[in-house]
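Asks:
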Amino acid sequence: MINPLDLYAKIESLIGFDAQYEMLYQNYLEILNALHVKRVLDVGCGNGRFLKHLKDNGFEALGIDRSTKMVERALALGVRASTKELCECEAESFECVVAIADVLNYIAPLEINAFLDDVALVLPKGGYFICDVNTLYGFEGVAEGVMYHDNGTQFLCVDATFANKELLTKIVLFEKEHELYRKEEGSITQYFHPLSFFKKLISFKLVSTRPIILFGDEPDKTLLIFQKR
Ligand SMILES: C[S@@+](CC[C@H](N)C(=O)[O-])C[C@H]1O[C@@H](n2cnc3c(N)ncnc32)[C@H](O)[C@@H]1O
Numbered sequence: 001m002i003n004p005l006d007l008y009a010k011i012e013s014l015i016g017f018d019a020q021y022e023m024l025y026q027n028y029l030e031i032l033n034a035l036h037v038k039r040v041l042d043v044g045c046g047n048g049r050f051l052k053h054l055k056d057n058g059f060e061a062l063g064i065d066r067s068t069k070m071v072e073r074a075l076a077l078g079v080r081a082s083t084k085e086l087c088e089c090e091a092e093s094f095e096c097v098v099a100i101a102d103v104l105n106y107i108a109p110l111e112i113n114a115f116l117d118d119v120a121l122v123l124p125k126g127g128y129f130i131c132d133v134n135t136l137y138g139f140e141g142v143a144e145g146v147m148y149h150d151n152g153t154q155f156l157c158v159d160a161t162f163a164n165k166e167l168l169t170k171i172v173l174f175e176k177e178h179e180l181y182r183k184e185e186g187s188i189t190q191y192f193h194p195l196s197f198f199k200k201l202i203s204f205k206l207v208s209t210r211p212i213i214l215f216g217d218e219p220d221k222t223l224l225i226f227q228k229r
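If you read the sequence shown in the UniProt record's numbering, its first letter stands for residue 1, the second for the next number, and so on.
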């Protein structure tokens with residue numbers, strides 16, 4: 001069975017969030033430029049489009065992602081990317097870590113402290129961690145629902161339900177092979193993390209937040225800027 005993150009990589013272009021993600025990237029670039037950092041790690045770098053922005057703007061960047069398909073796509077853009085884990089990166093080797101477009105929502109509440117500890121390890125004291133998380137509106141008002149896409153050779157159905165602060169996204173993809181269709185399916189869970197959680201971290205101080213409107217008419221994401229204590 002396909003890794004659900006690789007299945008997401010496969011359907012990403014069919015969903016078509018490119019324009020909204022570009023708007024999100026511009027927020028990150030503006031902040032990174034203002035912070036005067038140079039060495040940046042992009043955790044959950046996906047297809048590498050933000051890494052390409054970083055490269056084109058003179059940053060020294062590396063991306064890591066748990067999907068081999070995403071990393072292959074990023075490498076094809078000529079950026080540095082790998083499937084290695086955060087804990088395999090050298091200690092204090094970056095001035096800033098970014099995790100863009102819901103990456104933190106992919107991490108369960110029970111695992112998020114360990115993830116943040118790993119982020120802290122690759123940063124020196126005073127180093128920055130910038131990420132965004134979905135608001136409740138982002139889950140309930142934007143992400144929840146059913147979406148179909150049919151282009152003749154691929155038929156996709158994405159069915160997302162939000163309950164108990166978790167978004168369960170079921171993905172079914174049929175791809176035409178000769179006269180038959182091959183079916184692949186999987187599911188991804190995303191978790192709501194309240195702002196109150198990020199305000200009381202031990203390793204990081206939350207220095208600023210920025211509401212982000214990408215899809216609806218109220219903020220569907222909050223961008224968070226942390227500094228390592
Ligand atoms: C919604 S995509 C965003 C990708 C990219 N940041 C972008 O802006 O397009 C979330 C990405 O996080 C990756 N991911 C999820 N959990 C991860 C983890 N614990 N470590 C590394 N990558 C992760 C997924 O494979 C996926 O590529």
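Glycine is no exception: its CB is placed at the ideal position from the N, C-alpha and C atoms.
Given 7 Å as the limit, tell me if N47 has its C-beta closer than that to any heavy atom belonging to ligand 1.
Replies: Within the cutoff, so yes.
Asks: Does the distance between the C-beta of M70 and the nearest non-hydrogen atom of ligand 1 fall short of 7 Å?
Replies: Yes, the beta carbon of M70 sits closer than 7 Å to at least one heavy atom of ligand 1.
Asks: To which residues of the same chain is G48 closer than 7 Å at the C-beta, ignoring the five residues directly before and after it?
Replies: Taken in chain order, the residues that qualify are G63, R73, A74, L77, V79, A81.
Asks: Starting from L224, trace the beta strand (DSSP E) both ways and give me its first and last residue.
Replies: Element bounds for L224: 221–228.
Asks: For the region 149–204, which segments carrying the beta strand (DSSP E) assignment without a break, of at least 3 residues, lie completely within its bounds, in sequence order?
Replies: 154–163, 166–177, 180–191, all fully within the region 149–204.
Asks: Over the uninterrupted alpha helix (DSSP H) stretch that includes Y28, give me the two end residues.
Replies: Counting along the chain, the alpha helix (DSSP H) containing Y28 begins and ends at 18–35.
Asks: Grab me the residues of D150's own chain with a C-beta within less than 8 Å of its C-beta, minus the 5 sequence neighbours each way, in chain order.
Replies: Once the five neighbours on either side are set aside, the close Cβ partners of D150 are L156.
Asks: Compute the distance between the beta-carbons of C96 and V37, then report whether it is under 8 Å.
Replies: Closer than 8 Å, so yes.
Asks: So the beta strand (DSSP E) R39 belongs to, where does it begin and stop?
Replies: Run containing R39: 39–43, per the beta strand (DSSP E) assignment.
Asks: Do Q154 and L173 have their C-beta atoms closer together than 8 Å?
Replies: Taking 8 Å as the Cβ cut-off, Q154 and L173 qualify as a contacting pair.
Asks: What do you reckon, is the C-beta of F50 under 7 Å from a heavy atom of ligand 1?
Replies: F50: yes, Cβ under 7 Å from ligand 1.
Asks: Taking one C-beta from the region 23–40 and one from the region 49–63 each time, how about it: are there three or more such pairs within less than 8 Å?
Replies: Yes, the region 23–40 is in contact with the region 49–63.
Asks: Please state whether the Cβ-Cβ distance between T83 and V98 is less than 8 Å.
Replies: No, they are not a contact pair.
Asks: Roughly how many angstroms separate the alpha carbons of N105 and Y128, rounded to a whole number?
Replies: Whole-angstrom Cα-Cα distance: 19 Å.
Asks: Start and end of the beta strand (DSSP E) containing E60?
Replies: Note, E60: beta strand (DSSP E), 60–64.
Asks: Residue range of the beta strand (DSSP E) that Y128 falls in?
Replies: Note, Y128: beta strand (DSSP E), 128–134.
Asks: With a CB to CB cut of under 7 Å and the five nearest residues on each side skipped, what residues in its chain are close to K176?
Replies: Same-chain partners within the cutoff: T153.
Asks: Since F204 and A120 are thought to touch, with beta carbons under 8 Å apart, how far apart are those beta carbons, to the nearest angstrom?
Replies: Going by Cβ atoms, the distance from F204 to A120 rounds to 7 Å, so yes, they are a contact pair.
Asks: Should F192 be labelled buried (16 or more other beta-carbon atoms within 10 Å of its own) or exposed?
Replies: It counts as buried.
Asks: Under the assumption that L123 contacts E92 (Cβ atoms under 8 Å), give the Cβ distance between them as a whole number of angstroms.
Replies: The pair is a contact, with the Cβ atoms about 6 Å apart (cut-off 8 Å).
Asks: Evaluate Y148 with the Cβ neighbour count: other Cβ atoms within 10 Å of its Cβ, from every protein chain shown; 16 or more gives buried, anything less gives exposed.
Replies: Its Cβ having fewer than 16 others within 10 Å, Y148 is exposed.
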